[in-house]
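The next block holds one structure in the form of structure tokens; read it before the comments.
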Amino acid sequence: MWISRNLALVRERIESAARHAARNPSDITLMAVSKTFSVQSIRGAYEAGQRVFGENRVQEFAGKAPAVRALAGAEFHLIGHLQSNKSARATELFDSVDSVDSLRLAERLDDGALRLGKVLPVLIEINVGGEEQKSGLASASSELEQLFQAAPRLTNIHFRGLMTVPPYSDDPEQSRPYFRMLRELRDNMAKRHLPCVELGVLSMGMSHDYEVAIGEGSTCVRIGTAIFGQRDYQ
Ligand SMILES: *Cc1c(COP(=O)(O)O)cnc(C)c1O
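For the sequence shown, the numbering used here assigns the number 41 to the initial residue and increments by one for each residue that follows.
Here it is, written out as structure tokens:
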């Protein structure tokens, strides 16, 4: 099946990019971004051994969730912008929210997770390119600082790292400085040993630039098109 062939190819390229960067391939998680694709596509990838999936809309995934919940060991991450009023639903549906972009959202997720009696892993999304149309916190913003300071009281969410989507370019090398910025931000934050903030995860790299991202320290690449093919819509 073509999904398993695509997956095998992506895994090979992840391994060779890791080796090239003198890194251990097992330190890099492959997330299959299944947004806009069917439950059958998710199952196909699962049967080929894929376990971590990314979806960008609460509503869309709510429709798929009943059919994929039973896939043992599969995890589903939200990687798209989340409106605060959908945070309770997101907390129920997802195993991780990788796109936390405000203190208010973090508080809502914490509240939702408390109600469900769970601890929700989260990543903080950083808008490395400072693009107006993109979500994510600015890397030097006071809100990012407030978010880190709030971590000890947000006991039902678990900060695990940072995520970014750099400005798009056809040339993957154009993404490199942005990936580097995210890594340096992570390293600087980690040095401060902020309480209740873990910053191991660097989620960066998509179909067109994941090899560059691995070279810059990515620990999670989010791949849609290279696994499932072209999307009809975003
Ligand atoms: C769609 C999407 C991806 C995957 O993009 P591809 O170019 O298809 O690999 C990764 N990250 C986010 C946040 C996305 O929305």
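By construction, the Cβ of each residue, glycine as well, lies at the ideal position given by its N, Cα and C atoms.
On a predicted model such as this, the values are computed, not experimentally measured, just so you know.
Can you check DSSP and say which residues form a bridge with Leu160? Ile197
Would you mind reading off the limits of the alpha helix (DSSP H) that contains Thr131? Ser127 to Leu133
Could you please give the first and the last residue of the uninterrupted alpha helix (DSSP H) stretch that includes Leu184? Ser182 to Ala190
Are there any heavy atoms of ligand 1 lying less than 8 Å away from the beta-carbon of Lys75, as far as the coordinates show? yes
Under three-state DSSP, which class holds Thr265? helix
Return yes when the Cβ of Ile267 is within less than 9 Å of the Cβ of Val50, no when it is not. yes
From which residue to which residue does the alpha helix (DSSP H) around Met229 run? Arg216 to Lys231
Within the present structure, is the beta-carbon of Met221 separated from the nearest heavy atom of ligand 1 by less than 8 Å? no
Just to check my reading of the structure: Phe188 and Pro206 have Cβ atoms closer than 8 Å, yes? What is that Cβ distance to the nearest angstrom? No, Phe188 and Pro206 are not in contact; Cβ-Cβ is about 22 Å, not under 8 Å.
When you compare the CB of Ser139 with every CB in chain B, is at least one pair closer than 9 Å? Among the protein chains of the structure shown there is no chain B, as only one such chain exists.
Tell me, please, which residues DSSP counts as bridged to Phe93. Ala72 and Phe116
Assign Asp138 to one of three DSSP states: helix, strand, or coil. strand
How far does the alpha helix (DSSP H) with Leu49 in it reach, from first residue to last? Trp42 to His60
Hey, would you say the C-beta of Thr69 is under 8 Å away from at least one heavy atom of ligand 1? no
Please say whether Gly84 and Ser127 have beta carbons closer to each other than 9 Å? no
When burial is assigned at 16 or more other CB atoms within 10 Å of the CB, is Thr195 buried or exposed? exposed
Do Asp150 and Leu160 have their C-beta atoms within less than 9 Å of each other? yes
Sort out for me which residues DSSP pairs Thr204 with in a bridge. Ile166
If you measure between the beta carbons of Met244 and Thr204, is that distance less than 9 Å? yes
If we count Cβ pairs, one from each stretch, closer than 8 Å, do we get three or more for the stretch 110-129 versus the stretch 80-97? yes
With 16 other Cβ atoms within 10 Å as the buried cut-off, status of Lys231: exposed
Distance between Ser182 and Thr15 (C-alpha atoms, nearest Å): A question about residue 15 goes unanswered here, because the residues of the chain that appear run from 41 up to 274.
With DSSP as the reference, label Leu234 as helix, strand or coil. coil
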